[in-house]
Amino acid sequence: MSGKSWLRLIFRWHLGSTQLDMFNLVLATRNAHKMEELRVLLGDDFKVQTLDDFPSAPAFPETAGSFVGNVTLKVLTLTQWIGTSLESVDAEQYVVADDSGLEVDALDGAPGIHSARYASLDENNSSDADNNTKLLRELESVPAEKRAARFVCQIALTKIVSRGDTPEAHLFEGVCEGHIAEAARGEQGFGYDPLFIPGGYEQTFGELGAEIKNELSHRAKALAKMVERLSSTAM
Numbered sequence: 008m009s010g011k012s013w014l015r016l017i018f019r020w021h022l023g024s025t026q027l028d029m030f031n032l033v034l035a036t037r038n039a040h041k042m043e044e045l046r047v048l049l050g051d052d053f054k055v056q057t058l059d060d061f062p063s064a065p066a067f068p069e070t071a072g073s074f075v076g077n078v079t080l081k082v083l084t085l086t087q088w089i090g091t092s093l094e095s096v097d098a099e100q101y102v103v104a105d106d107s108g109l110e111v112d113a114l115d116g117a118p119g120i121h122s123a124r125y126a127s128l129d130e131n132n133s134s135d136a137d138n139n140t141k142l143l144r145e146l147e148s149v150p151a152e153k154r155a156a157r158f159v160c161q162i163a164l165t166k167i168v169s170r171g172d173t174p175e176a177h178l179f180e181g182v183c184e185g186h187i188a189e190a191a192r193g194e195q196g197f198g199y200d201p202l203f204i205p206g207g208y209e210q211t212f213g214e215l216g217a218e219i220k221n222e223l224s225h226r227a228k229a230l231a232k233m234v235e236r237l238s239s240t241a242m
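Spelled out as structure tokens, the structure:
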């Protein structure tokens, strides 16, 4: 079963016959790869917008020292901006943000929150190729049995509220355990996918492709928890 079908089953299990397109989600990202992955996972069961639909949205602070801190700053900044920009707020309109990265045990959890700019000399993101090259260089003398790693994703979901009201962020974590290969393999995916071998497999995410990745990934697991929370009447 594809990641998209798996997520849809979870959603339908919790919401039953409820109309799924009643939920309007604004994805707080301009990362094309991430937008595509989130759209595939969510499928056609949601009305989805991205920051491309909000070109005047402010820049997001990522000054916290953790995934939780960064994603909370991101989601609250966008939610409050939208809330003060709209004349009226739909009943089921939400902002979804994520902060994710790779943690390698042999590097004391690095690159962690710096995953996107691991090879950068400043605060700007560096290319996937440069990040992968640096990671392999840092692990050059580390044997296979000590290359344990995991992808971590923190997703924050906030209901858009009217101006003057205070939004509340709900957090969902997804983790995918695995280890780092000794060389990049495969051309599918993005980021560290060509180096990451998920638990129970011998191929990297770059070799396994999107369908299998979307069943195993940290982002899919976090989204599944978010979907369950959306079905709650407590939102």
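Counting the sequence shown from 1 gives a position; the numbering used here is that position plus 7.
Glycine included, every Cβ here is placed at the ideal spot set by N, Cα and C.
Values in this document were obtained by computation on a predicted structure and should not be read as measured data.
Unbroken beta strand (DSSP E) run spanning residue i, endpoints
{"i": "Asn31", "result": "Asn31 to Leu34"}
{"i": "Ala156", "result": "Ala155 to Lys166"}
{"i": "Ser63", "result": "Careful: Ser63 lies outside any beta strand (DSSP E) and carries neither H nor E."}
{"i": "Ala7", "result": "Summary: the structure shown does not reach residue 7, with the chain confined to residues 8 through 242, and so no result is reported for it."}
{"i": "Val55", "result": "Lys54 to Thr57"}
Three-state secondary structure assigned by DSSP to residue i
{"i": "Ser134", "result": "coil"}
{"i": "Gly216", "result": "coil"}
{"i": "Asp71", "result": "The residue asked about is misnamed: residue 71 is Ala in this sequence, not Asp. DSSP places Ala71 in coil when its eight states are reduced to three."}
{"i": "Glu43", "result": "helix"}
{"i": "Leu4", "result": "Past the boundaries of the shown model lies residue 4; the chain is included only from 8 to 242, so the question cannot be answered."}
{"i": "Thr173", "result": "coil"}
{"i": "Ala126", "result": "coil"}
{"i": "Ala191", "result": "coil"}
{"i": "Trp13", "result": "Residue placement at Trp13 is poorly supported in this model, since its pLDDT is 49, which falls under 50; the coordinates still yield a value, given next. Reduced to three states, the DSSP call for Trp13 is helix."}
{"i": "Gln100", "result": "strand"}
Span of the alpha helix (DSSP H) around residue i
{"i": "Val182", "result": "Taken as a continuous stretch (DSSP letters only), Val182 belongs to no alpha helix (DSSP H), being part of the beta strand (DSSP E) at Ala176 to Ile187."}
{"i": "Glu235", "result": "His225 to Leu237"}
Test item: CB-CB of residue i and residue j under 7 Å
{"i": "Ala113", "j": "Lys153", "result": "yes"}
{"i": "Phe30", "j": "Phe53", "result": "yes"}
{"i": "Gly119", "j": "Gly108", "result": "yes"}
- Message: Any contact between the region 122-139 and the region 205-223? By contact I mean 3 or more CB pairs, one from each, below 8 Å.
- Response: no
- At least three beta-carbon pairs within less than 8 Å, the region 166-182 to the region 113-128: no
- Using 8 Å as the Cβ pair cut-off and three pairs as the minimum, do the region 43-54 and the region 218-226 touch? yes
- Query: Does the count of Cβ pairs from the region 50-70 and the region 81-92 closer than 8 Å reach three?
  - Reply: yes
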